[in-house]
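For the sequence shown, position 227 (counting from the first letter as 1) is numbered 341 according to the numbering used here, and the numbering increases by one without interruption. Even glycine gets a Cβ: it sits at the ideal position worked out from N, Cα and C. Keep in mind it's a predicted model, so treat the numbers as computed, not measured. Reviewing the structure listed below.
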Amino acid sequence: IRKDKDEESLGGNNPYAYIERNVVLQEARIFQQTPINPRKCTEILTKIIYLINQGEVITTNEATETFFAMTKLFQSNDVILRRMCYLTIKEMSKMTENAFIVTQSLTKDMNGREDIFRAAAVRALCAITDHSTLQGIERYMKQAIVDKVHSVSSAALVSSLHLTKDAFDVVKRWVNEVQESCSNDSIMVQYHALGLLYHLRKKDRLGTSKMVSKFMKSGLKSPFAYCMLIRIASKLLEEDDAGHDSPLFNFIESCLRNKHELVIYEAASAIVNMPNCSARELAPAVSVLQLFLSSPKPSFRYAGVRTLNKVAMKHPSAVTACNLDLENLITDVNRSIATLAITTLLKTGSESSVDRLMKQITSFMSEISDEFKVVVVRAISDLCQKYPRQHAVMMNYLASMLRDEGGFDYKKAIVECIISILEESTESKESGLAHLCEFIEDCEHTVLATKIIHLLGREGPKTPNPSKYIRYIYNRVILENEAVRAAAVSALARFGAQCDDLLSSILSLLSRSMMDEDDEVRDRATFYFHTLQQKQKALNSVYILNGLAVSVPALERCLQQYLKEPSSEKFNMKSVPLVSIPDGEPKADL
115 IRKDKDEESL GGNNPYAYIE RNVVLQEARI FQQTPINPRK CTEILTKIIY
165 LINQGEVITT NEATETFFAM TKLFQSNDVI LRRMCYLTIK EMSKMTENAF
215 IVTQSLTKDM NGREDIFRAA AVRALCAITD HSTLQGIERY MKQAIVDKVH
265 SVSSAALVSS LHLTKDAFDV VKRWVNEVQE SCSNDSIMVQ YHALGLLYHL
315 RKKDRLGTSK MVSKFMKSGL KSPFAYCMLI RIASKLLEED DAGHDSPLFN
365 FIESCLRNKH ELVIYEAASA IVNMPNCSAR ELAPAVSVLQ LFLSSPKPSF
415 RYAGVRTLNK VAMKHPSAVT ACNLDLENLI TDVNRSIATL AITTLLKTGS
465 ESSVDRLMKQ ITSFMSEISD EFKVVVVRAI SDLCQKYPRQ HAVMMNYLAS
515 MLRDEGGFDY KKAIVECIIS ILEESTESKE SGLAHLCEFI EDCEHTVLAT
565 KIIHLLGREG PKTPNPSKYI RYIYNRVILE NEAVRAAAVS ALARFGAQCD
615 DLLSSILSLL SRSMMDEDDE VRDRATFYFH TLQQKQKALN SVYILNGLAV
665 SVPALERCLQ QYLKEPSSEK FNMKSVPLVS IPDGEPKADL
């Protein structure tokens, strides 16, 4: 197939990017040739799997024909070809009504001497088996579950778990074999066996409790199985609303002393996620997580700091003991760990450490992704609520962060944080508005620009020197798009309605916008100009400062309905549902 340079650059090194379904299905006829060409047949099977995963539709007849041809490939003992056969069977099993035609070949492989084929054959066989044909292979599945070859046993257990969706009653009869596998020496077999056993018994509350008690006493060799047992015990604790004196809780706490780090972390995570846990009950888990902070493995350091971050949301005092270790992680080469460490410190640190923490934050903000930057800003926002006296310090840092590079979500988080500070702190209002005015001079995001302009219109007239904000707002009328210009016109009108000494200047600016190329900007400017000209406080209050407290979508629907059914009566605004406006939220300008 001929490709130009553009197609070649888009396709990259994918050798299957331009294959066609019909051509591949025609090539599949080579399966019936003798002798079998393993290399060529493997390539064709790969193409078929690729097409299926790309969403290509293969009809029932085409799938059935390919299935019949594939039965010939079982004559070859080529390992790669045979494994590709198993994969293709699983992918095409739902496309043909005659998938059972390969059952005999798969059963033969499943019970054969080649261990390398047996596990894959089990998985493929279970993929094409339904409730009606499952009893035919039930004997083989029971044998596979307790097979001495670990890969075969694991494959049988996992496949049995999938079969429970359609044949739960049949699989439940294999419970004795599953219990036997729970004592297997293999780590994965024991894990898979416990998972299947729990799935078979989870609707039986008493049976599940007995199962957990049994393994709590006898113990398990697999750390993965231990993790699952901890999760099952946690769920039982939550369902029973049992206290922390329960044997289940004692078992989970005892797992904190397990020799496997995986089990220790799972137990600690289970304890900190339990509802109604006091700081005293959290202490053992927090101590273990603190040890993870100094682990040489990045994955454990990350797990420890991430879990402590969650604990700090509800119990910051419980994490305070880890602050020294958390501070050491601020310089961690893994910036994800460093971000979580700094956000955790922001939740647990003292008021005296705020300035030092903010300096450390700004030193590495440029090295992390926007996703983590947003996390940091939200932590700063929480800190602002915790220590109101530090607003001025944090406002300066937030302003410098606002000038740095970043995407919309990052900038939005900073703007919202600054707005929350200036709304709570009278002392920080003017400095916060000044920082936001500076930001909109180069703001690329329309949503943020309109949000800030609306805030300036609401808060600016209340400041000692409101005239200094007029220049910033009118610059937006000259330089920005129509949405921002419309918001700026509304903000100017609010200054005119509340500041008598600025009214003549506002009227002059609004008159210029009455010739704007955008109809909404023109309409707003005209409406506000004539309203302000009346110099009546009542009109200003109703039409500029307060606006209409109705639901805009509801108003639109009511107007459309009114136009569809012409009436001699005037449209009644009282028929429009009111919108509930939370305290502190601006009302919509109409």
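Taking the CB atoms as reference points, tell me whether residue i and residue j lie closer together than 7 Å.
i, j, result
"Cys551", "Tyr586", "yes"
"Ala607", "Glu634", "no"
"Ile259", "Ala270", "yes"
"Pro398", "Leu370", "yes"
"Glu367", "Cys341", "no"
"Val507", "Thr462", "no"
"Met330", "Phe363", "no"
"Ile532", "Gly521", "no"
"Val193", "Asp229", "no"
"Val292", "Ser267", "no"
Please state the DSSP three-state secondary structure of residue i.
i, result
"Thr692", "In the sequence on display, residue 692 carries Leu and not Thr. Reduced to three states, the DSSP call for Leu692 is strand."
"Val664", "strand"
"Asp523", "helix"
"Phe486", "helix"
"Val507", "helix"
"Gln675", "helix"
"Tyr305", "helix"
"Phe685", "coil"
"Asp703", "A caution first: Asp703 carries a pLDDT of 40, below 50, which makes its placement in the model unreliable, though a value can still be read off. Of the three classes helix, strand and coil, the one that applies to Asp703 here is coil, per DSSP."
"Met224", "helix"
"His374", "coil"
"Gly321", "helix"
"Gln293", "helix"
"Asn127", "coil"
"Gly546", "helix"
"Ile144", "helix"
"Pro580", "helix"
"Lys331", "helix"
"Arg287", "coil"
"Tyr132", "coil"
"Pro149", "coil"
"Asp280", "helix"
"Glu670", "helix"
Look at the alpha carbon of residue i and the alpha carbon of residue j, and state the distance between them as a whole number of angstroms.
i, j, result
"Thr560", "Asn595", "8 Å"
"Asp355", "Lys349", "10 Å"
"Val490", "Tyr312", "40 Å"
"Ser618", "Arg470", "49 Å"
"Ile592", "Tyr676", "38 Å"
"Leu623", "Met479", "41 Å"
"Cys296", "Lys373", "20 Å"
"Leu165", "Ser323", "47 Å"
"Ala384", "Asn448", "25 Å"
"Arg315", "Gly321", "6 Å"
"Lys706", "Thr640", "Residue coverage of the chain in this structure runs from 115 to 704, which leaves residue 706 outside it and unanswerable."
"Val402", "Leu440", "14 Å"
"Val137", "Leu277", "35 Å"
"Thr174", "Leu310", "33 Å"
"Ile584", "Ile620", "9 Å"
"Ala142", "Ser246", "30 Å"
"Asp703", "Glu573", "Any answer about Asp703 is weak, because its pLDDT of 40 lies below 50 and its placement is not dependable; what the coordinates show is given next. The straight-line gap from Cα to Cα measures roughly 15 Å."
"Asn128", "Leu220", "32 Å"
"Ser477", "Arg503", "23 Å"
"Pro361", "Val326", "11 Å"
"Gln648", "Phe685", "25 Å"
"Ser724", "Met509", "No answer is possible for residue 724: it lies beyond the span of the chain, which begins at 115 and ends at 704."
Taking the alpha helix (DSSP H) that residue i belongs to, which residues open and close that run?
i, result
"Cys341", "Pro337 to Asp354"
"Asn167", "Pro152 to Asn167"
"Gln257", "His245 to Ile259"
"Gly571", "Thr560 to Glu573"
"Asn136", "Arg135 to Glu141"
"Asn191", "That residue, Asn191, is in no alpha helix (DSSP H); it is neither H nor E in DSSP."
"Pro361", "Pro361 to Ser368"
"Met209", "Per DSSP, Met209 belongs to no alpha helix (DSSP H) and is neither H nor E."
"Ile172", "Run containing Ile172: none; DSSP gives neither H nor E here."
"Asp229", "Asp229 to Ile242"
"Ser392", "Unbroken run through Ser392: none, as it is neither H nor E."
Determine whether the Cβ of residue i lies closer than 7 Å to any Cβ atom of chain B.
i, result
"Glu228", "The chain labelled as chain B is not found in the depicted structure, where only one protein chain is given."
Q: Enumerate, from N- to C-terminal direction, the unbroken beta strand (DSSP E) stretches of 3 or more residues contained entirely within the stretch 395-468.
A: Counting only runs of 3 or more, we get nothing.
Q.
Could you tell me which whole alpha helix (DSSP H) segments of length 4 or greater appear in the stretch 585-656?
A. At a cut-off of 4 residues, the continuous stretches assigned as alpha helix (DSSP H) that sit fully inside the stretch 585-656 are 596-612, 617-627, 633-647 and 651-654.
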